[in-house]
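Protein chains: 2
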Amino acid sequence: MNGFFYYLNVNGYSAILVDNKSILKEGRVTKMKKKETVTIYDVAREASVSMATVSRAINHNHNVKPETEKKVLDVVKRLNYRPNDVARGLASKKTTTVGVIIPNVTNSYFAALARGIDDIAEMYQYNIILTNSDGDEKKELKALNTLYSKQVDGLIFMGNEISEAVRSDMSNERIPVVLAGSVDFQNQFNSVNIDYRKAVYAQTNELLKNGNDRVAFVASHLNRSINKDYRIEGYKDALRDAGIPFRKTLLFEANEATYDSGYKLRNKLVQEEVTAAIVSNDDVAAGVMNSMSDSGINVPEQFEVATSDNTKLTEMTRPMLSTITQPLYDIGAVSMRLLTKLMKNEEVSERNILLPFGLKDRNSTK
Amino acid sequence: MNGFFYYLNVNGYSAILVDNKSILKEGRVTKMKKKETVTIYDVAREASVSMATVSRAINHNHNVKPETEKKVLDVVKRLNYRPNDVARGLASKKTTTVGVIIPNVTNSYFAALARGIDDIAEMYQYNIILTNSDGDEKKELKALNTLYSKQVDGLIFMGNEISEAVRSDMSNERIPVVLAGSVDFQNQFNSVNIDYRKAVYAQTNELLKNGNDRVAFVASHLNRSINKDYRIEGYKDALRDAGIPFRKTLLFEANEATYDSGYKLRNKLVQEEVTAAIVSNDDVAAGVMNSMSDSGINVPEQFEVATSDNTKLTEMTRPMLSTITQPLYDIGAVSMRLLTKLMKNEEVSERNILLPFGLKDRNSTK
DNA sequence: CTGAAAGCGCTAACAG
DNA sequence: CTGTTAGCGCTTTCAG
Numbered sequence: 001m002n003g004f005f006y007y008l009n010v011n012g013y014s015a016i017l018v019d020n021k022s023i024l025k026e027g028r029v030t031k032m033k034k035k036e037t038v039t040i041y042d043v044a045r046e047a048s049v050s051m052a053t054v055s056r057a058i059n060h061n062h063n064v065k066p067e068t069e070k071k072v073l074d075v076v077k078r079l080n081y082r083p084n085d086v087a088r089g090l091a092s093k094k095t096t097t098v099g100v101i102i103p104n105v106t107n108s109y110f111a112a113l114a115r116g117i118d119d120i121a122e123m124y125q126y127n128i129i130l131t132n133s134d135g136d137e138k139k140e141l142k143a144l145n146t147l148y149s150k151q152v153d154g155l156i157f158m159g160n161e162i163s164e165a166v167r168s169d170m171s172n173e174r175i176p177v178v179l180a181g182s183v184d185f186q187n188q189f190n191s192v193n194i195d196y197r198k199a200v201y202a203q204t205n206e207l208l209k210n211g212n213d214r215v216a217f218v219a220s221h222l223n224r225s226i227n228k229d230y231r232i233e234g235y236k237d238a239l240r241d242a243g244i245p246f247r248k249t250l251l252f253e254a255n256e257a258t259y260d261s262g263y264k265l266r267n268k269l270v271q272e273e274v275t276a277a278i279v280s281n282d283d284v285a286a287g288v289m290n291s292m293s294d295s296g297i298n299v300p301e302q303f304e305v306a307t308s309d310n311t312k313l314t315e316m317t318r319p320m321l322s323t324i325t326q327p328l329y330d331i332g333a334v335s336m337r338l339l340t341k342l343m344k345n346e347e348v349s350e351r352n353i354l355l356p357f358g359l360k361d362r363n364s365t366k
Numbered sequence: 001m002n003g004f005f006y007y008l009n010v011n012g013y014s015a016i017l018v019d020n021k022s023i024l025k026e027g028r029v030t031k032m033k034k035k036e037t038v039t040i041y042d043v044a045r046e047a048s049v050s051m052a053t054v055s056r057a058i059n060h061n062h063n064v065k066p067e068t069e070k071k072v073l074d075v076v077k078r079l080n081y082r083p084n085d086v087a088r089g090l091a092s093k094k095t096t097t098v099g100v101i102i103p104n105v106t107n108s109y110f111a112a113l114a115r116g117i118d119d120i121a122e123m124y125q126y127n128i129i130l131t132n133s134d135g136d137e138k139k140e141l142k143a144l145n146t147l148y149s150k151q152v153d154g155l156i157f158m159g160n161e162i163s164e165a166v167r168s169d170m171s172n173e174r175i176p177v178v179l180a181g182s183v184d185f186q187n188q189f190n191s192v193n194i195d196y197r198k199a200v201y202a203q204t205n206e207l208l209k210n211g212n213d214r215v216a217f218v219a220s221h222l223n224r225s226i227n228k229d230y231r232i233e234g235y236k237d238a239l240r241d242a243g244i245p246f247r248k249t250l251l252f253e254a255n256e257a258t259y260d261s262g263y264k265l266r267n268k269l270v271q272e273e274v275t276a277a278i279v280s281n282d283d284v285a286a287g288v289m290n291s292m293s294d295s296g297i298n299v300p301e302q303f304e305v306a307t308s309d310n311t312k313l314t315e316m317t318r319p320m321l322s323t324i325t326q327p328l329y330d331i332g333a334v335s336m337r338l339l340t341k342l343m344k345n346e347e348v349s350e351r352n353i354l355l356p357f358g359l360k361d362r363n364s365t366k
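Residue numbers (UniProt numbering), protein chains in the order written: chain G, 1 to 366; chain A, 1 to 366.
#1: Start and end of the alpha helix (DSSP H) containing threonine 323(G)?
#2: Using CA coordinates, which residue listed in Val72(A), Lys341(A), Ala276(A), Thr311(A) is at the minimum distance from leucine 207(A)?
#3: Please report the distance separating the alpha-carbon of valine 64(A) from that of threonine 53(A).
#4: Could you give the first and the last residue of the continuous alpha helix (DSSP H) run that contains leucine 265(A)?
#5: Can the beta-carbon of tyrosine 201(A) be found less than 8 Å from the beta-carbon of glycine 243(A)?
#6: Going by C-alpha to C-alpha distance, which of Lys198(G), Asp184(G), Asn223(G) sits closest to valine 192(G)?
#7: May I ask you to report which of helix, strand or coil DSSP gives asparagine 290(G)?
#8: I'd like to know if valine 64(A) contacts chain G, where contact means its C-beta is closer than 8 Å to some C-beta of that chain.
#9: Taking glutamate 315(G) as the query, report the chain A residues whose CB atoms sit under 8 Å from its CB, ordered along the chain.
#10: Just how far apart, CA to CA, sit aspartate 241(G) and isoleucine 232(G)?
#11: Going along the stretch 259-290 of chain G in order, which residues come within less than 7 Å of chain A, judged by CB to CB distance?
#12: Determine the contact status of proline 300(G) and asparagine 205(G), defining contact as a CB-CB distance below 8 Å.
#13: Looking at chain G, which residues of the stretch 129-147 of chain A have a Cβ within less than 9 Å of any of its Cβ atoms?
#14: Tell me whether leucine 222(G) sits in a helix, a strand or coil according to DSSP, three-state version.
#15: On the three-state DSSP scale, how would you describe glycine 358(A)?
#16: Exposed or buried, which one is threonine 106(A) when buried takes at least 16 other CB atoms within 10 Å?
#17: Locate the beta strand (DSSP E) running through threonine 97(A), then write down its first and last residues.
#18: What is the residue span of the alpha helix (DSSP H) that glycine 116(G) lies within?
#19: In the stretch 150-180 of chain A, which residues sit with their C-beta less than 9 Å from some C-beta in chain G, listed in chain order?
#20: Among Ser225(A), Asn310(A), Tyr329(A), Glu173(A), whose alpha-carbon lies nearest the alpha-carbon of serine 322(A)?
#21: Applying the criterion that 16 or more other CB atoms from any shown protein chain within 10 Å of the CB defines a buried residue, is alanine 257(A) buried or exposed?
#22: Give the C-beta separation of alanine 57(A) and valine 72(A) to the nearest angstrom, bearing in mind that I take them to be a contact with Cβ-Cβ under 8 Å.
#23: For leucine 354(G), is the classification buried or exposed, using 16 other Cβ atoms within 10 angstroms of its Cβ as the cut-off for buried?
#24: Run through DSSP, which three-state label would asparagine 2(A) get?
#25: Under three-state DSSP, which class holds lysine 21(A)?
#26: Let me know the secondary structure DSSP gives residue 375(G) once reduced to three states.
#27: If distances are taken between C-alpha atoms only, which option among Leu313(G), Pro319(G), Ser168(G), Pro176(G) comes closest to aspartate 294(G)?
#28: Can you list the residues of chain G that glycine 89(A) reaches, using a CB-CB cut of under 7 Å?
#29: For chain A, find out if any of its Cβ atoms is closer than 8 Å to the Cβ of proline 83(G); answer yes or no.
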């Protein structure tokens with residue numbers, strides 16, 4: 001079928017797909033055209049109905065008599081017809097594809113969300129255009145732009161924070177967006193998260209209860225809304241409740257959400273004489289912990305570490321990492337589910353969904 | 001033009017974003033035409049040229065007088081015109097998007113490739129539709145089908161192995177495909193890999209040199225071509241060179257390429273009295289190693305583990321994992337680069353690219 | 001329940 | 001260098 005077939009129009013008879021050898025033999029081809037794709041028109045002709053009816057049949061539109069639907073579908077199968085989604089998209093203004101902006105697929109936290117997103121997308125017949133942004137505003141803006149050009153029906157944005165430029169850009173388009181595992185302090189977009197403030201509050205309490213009065217808070221970017229407005233607030237809440245003064249010097253930044261970035265923090269941490277740390281990313285936490293252990297500091301006896309995402313990594317390190325437990329896959333899945341509703345203009349009861357979290361006590365804390 | 005016009009519903013409905021002053025004054029417009037999109041036709045009119053010229057200008061076609069191009073581009077900017085890629089795709093039969101089939105984004109090996117793929121895609125102005133297949137033939141076939149419908153210009157396939165059904169399916173379409181980190185024993189498709197056989201050969205030699213004569217080989221699926229035809233052959237080569245008999249009982253299967261799946265292998269390994277293992281996946285290797293350590297077996301003194309991918313995980317475990325080093329990101333990047341050439345019908349010198357590998361000696365081996 | 005016809009927004013000959 | 005004219009393959013009124 002592979003470029004070897006030509007359009008043959010014999011005796012005014014309907015066009016047929018033939019192998020070019022027979023064309024040469026027959027020698028009476030009136031019109032030859034390279035016929036690669038079988039279109040809705042071919043199906044219509046073969047089934048002796050109009051294109052409109054074919055369209056209705058393949059879209060399972062109710063307004064079509066069962067017999068004609070069957071007739072059409074049989075021809076569809078026989079001709080091996082496959083609808084062209086691009087043409088469909090142009091005509092219907094729906095592409096059944098959604099854009100997904102992710103900082104980095106390589107990051108296990110976001111990868112887990114992405115998997116949830118894709119699974120639900122598939123379930124609802126959507127496809128996903130994935131774009132890595134590195135959390136960089138420039139890249140995010142560029143990605144948004146090409147996604148708009150591609151006429152995606154919706155957008156899932158991951159990236160911890162929404163810069164003003166990104167906010168205004170997304171506001172100006174009329175396509176629905178949902179933030180997955182990412183907060184918008186202005187509360188302008190739909191989102192799916194856990195209650196970071198409460199989670200960190202609970203976690204900090206545990207560390208305080210263990211007798212630590214110099215608990216570090218470490219994040220990749222302290223000034224990002226998700227940290228500044230939520231996690232750090234939870235951390236402060238706990239400190240306040242325990243009557244321990246908040247010290248700005250116990251806030252540490254890792255620059256990147258990576259293992260190495262966490263690993264490099266040791267000296268600073270030691271210098272401030274912290275005995276425990278709340279870390280907002282598993283990779284970073286693993287780096288911090290290993291770095292301590294490697295220098296002879298015993299975890300958790302001399303130094304406790306608690307992390308944030310409960311990715312598989314938390315079970316792979318030794319000691320295993322105590323962590324907040326988040327329904328990672330579900331955050332992605334629910335985000336996509338929410339988006340499908342938005343795209344179909346269905347009612348949504350909650351714009352900002354908070355999924356439940358928990359605390360898992362493992363061996364990096366006492 | 002850009003989101004400035006909206007339906008106005010005056011009967012006490014809220015959330016009306018209107019920018020048309022006359023509407024605000026009137027206060028009782030029943031319905032307004034929703035004018036969202038500015039098309040190439042609008043630009044043509046405003047710039048007093050034909051659509052064709054606009055098309056040429058925005059595509060930087062050479063056959064346009066510099067002044068007219070500027071004139072057009074100015075209007076483009078003024079009207080905030082953004083080409084509709086769907087219409088473009090229908091007219092040009094090129095969508096500038098490629099399909100990527102990945103077993104699981106959550107797997108660090110494949111995630112690393114995916115990042116390389118996306119970066120190069122972006123560089124060449126392509127977008128990526130990502131689909132998780134779990135290495136399952138049914139899902140792969142389904143994904144391929146929807147990708148064809150979406151008229152992707154090319155395909156990158158990851159999945160360790162090409163089943164016959166997938167092979168014939170991909171052969172029947174005329175779009176280029178390249179296998180990334182995945183082998184095709186029939187050598188029918190373009191691909192980018194390392195020389196798994198040589199790599200495992202070298203690695204097995206190291207373990208043999210350390211005095212192990214019962215070296216296990218563990219993979220997620222032993223019968224997959226990448227293992228059966230390449231890695232295991234390399235393992236056998238080394239055994240043969242060392243004069244050690246190959247024992248089928250020292251081949252272990254993990255079922256899935258996951259940490260847990262590796263972790264569960266301990267008893268079987270211990271039962272066969274192996275003192276070292278070659279593992280074909282980092283997650284599995286971490287599971288095997290931790291499982292040994294957790295049960296009191298000292299790694300590497302009593303048990304050596306060597307793994308395959310050199311993902312970041314190999315540095316996060318304790319001890320750190322000795323491994324084959326693969327240019328993961330590059331495998332993805334080169335695959336995508338190869339694909340761009342194929343999509344543009346450029347000459348390619350090598351159909352099956354082998355990237356260099358190395359051996360990194362860390363602490364899980366003596 | 002079905003058909004005719006009009007596009008969707010753009011590219012690509014083909015003239016000029 | 002620029003305009004005209006056909007479509008690309010499908011959905012969607014609007015009639016009947």
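Think of the CB as a built atom: it goes at the ideal place given N, C-alpha and C, for glycine as much as any other residue.
The structure says:
#1: For threonine 323(G), no alpha helix (DSSP H) run applies; the uninterrupted beta strand (DSSP E) run containing it begins and ends at 322-325, by DSSP.
#2: Out of Val72(A), Lys341(A), Ala276(A), Thr311(A), Ala276(A) has the C-alpha closest to the C-alpha of leucine 207(A).
#3: 7 Å
#4: No alpha helix (DSSP H) contains leucine 265(A), which DSSP labels as neither H nor E.
#5: Taking 8 Å as the Cβ cut-off, tyrosine 201(A) and glycine 243(A) do not qualify as a contacting pair.
#6: Asp184(G)
#7: helix
#8: Not one beta carbon of chain G lies nearer than 8 Å to the beta carbon of valine 64(A).
#9: Tyr259
#10: 14 Å
#11: Tyr259, Ala286, Asn290
#12: no
#13: Ile129, Leu130, Thr131, Asn132, Lys139, Lys142, Ala143, Asn145, Thr146, Leu147
#14: coil
#15: strand
#16: buried
#17: 97-102
#18: 108-123
#19: Lys150, Gln151, Ser171, Asn172, Glu173, Arg174
#20: Asn310(A)
#21: buried
#22: 4 Å
#23: exposed
#24: Reliability fails at asparagine 2(A), whose pLDDT of 32 lies under 50, so the model's placement of it is uncertain and the value that follows must be treated cautiously. Three-state DSSP puts asparagine 2(A) in coil, outside helix and strand.
#25: Because lysine 21(A) carries a pLDDT of 27, less than 50, the predicted location of this residue cannot be relied on, and no value is offered for it.
#26: The shown model of chain G, from 1 to 366, leaves out residue 375(G), and the question about it has no answer.
#27: Relative to the Cα of aspartate 294(G), the nearest Cα in the group Leu313(G), Pro319(G), Ser168(G), Pro176(G) belongs to Pro319(G).
#28: Val86
#29: yes
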